[in-house]
Amino acid sequence: MKTLLTVTLFCTIGFALADVASEFQSANITSDILKGHGPTDLIEVKYGNNVVNLGNELTPTQVKQIPEIHYKHEGGVLYTLVMTDPDVPTRGYNREFNHWLVGNIPEESVEKGEVLAEYVGSGPPQGSGLHRYVFLVYRQDQGAITFDERRLSTWDGKQRRRFSIQKFAEKYSLVGPLAGNYFTAKWDESVPDLHKHLGF
Ligand SMILES: *[C@@H]1O[C@H](CO)[C@@H](O)[C@H](O)[C@H]1NC(C)=O
């Protein structure tokens, strides 16, 4: 049973393999925030029945809760996972907002990792168009990392601005991004509450 599950998951990921790098390139994510080195594997990201699929549009209401995450991983290896928005305040500024950052994840057990930024859903300002919400996974070849960042709570909105996943990855010599996925979202009526909570 377990083998069957693993095989099924692997096939799902393997099927999308060819698409990820080119999708990230044509969406300009690779050039905007990753210095030209994009992921090749897919991260499975599910918000209940809403599945993230390389650029599909979801609403801020649909992505309020932490999603379920799966990716191809090796036994005994630690990973770092991020969700970042490169379109803050609007597309073209190339400034990132740190939505979720978890390090020291054993294999793909995100809930057992070290939370560096608690999960916050999408909050694209009204009139700022479609934002890209990008998930990336990196491998920690050196094993456990002692991160020196202060843990960001859900209300630490201002401290999440001007993030750079590329700089973060370089600082800790993370390998990757190995896997990625992204969705897009624009403002809906749930956003003002989120902004209030974030301290804006
Ligand atoms: C990607 O960037 C190029 C050059 O700035 C631009 O012409 C193109 O419209 C962008 N594509 C997307 C999907 O944003």
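Just so you know, the sequence shown maps onto residues -18 to -1, 1 to 182 in mature numbering (1 follows the signal peptide of the UniProt record, and there is no 0). The C-beta atom is built at its ideal place from N, Cα and C for all residues, glycine as well.
Close Cβ partners of Leu134 (< 8 Å) along its chain, the five nearest in sequence each way excluded
Excluding the 5 residues flanking it on each side, Leu134 has same chain C-beta neighbours closer than 8 Å at Asn80, Leu83, Leu98, Ala99, Glu100, Gln141, Arg142, in chain order.
Could you tell me the distance, in whole angstroms, from the CA atom of Thr166 to the CA atom of Leu160?
Each residue's alpha carbon lies about 21 Å from the other.
Val119 versus Asp23, Phe6, Ser104, residue with shortest Cα-Cα distance
Ranking the options by Cα distance to Val119, first place goes to Asp23.
Rounded to whole angstroms, what's the CA-CA distance from Thr(-11) to Gln148? Just pull it up for me.
Any reading at Thr(-11) must be qualified, since the residue scores a pLDDT of 48, below 50, and its modelled position is unreliable; the value itself is stated next. Straight-line spacing of the CA atoms in Thr(-11) and Gln148 works out to 32 Å.
Helix or strand or just coil, what does DSSP make of Asp14?
Three-state DSSP puts Asp14 in a helix.
Please report how far the alpha carbon of Pro88 lies from the alpha carbon of Asp69, in whole angstroms.
In a straight line, the C-alpha of Pro88 is about 30 Å away from that of Asp69.
Quick check: Val102 and Thr136, are their CB atoms within less than 8 Å of each other?
Taking 8 Å as the Cβ cut-off, Val102 and Thr136 qualify as a contacting pair.
Is the CB-CB distance between Leu176 and Gly105 below 8 Å?
The Cβ-Cβ distance between Leu176 and Gly105 falls below 8 Å.
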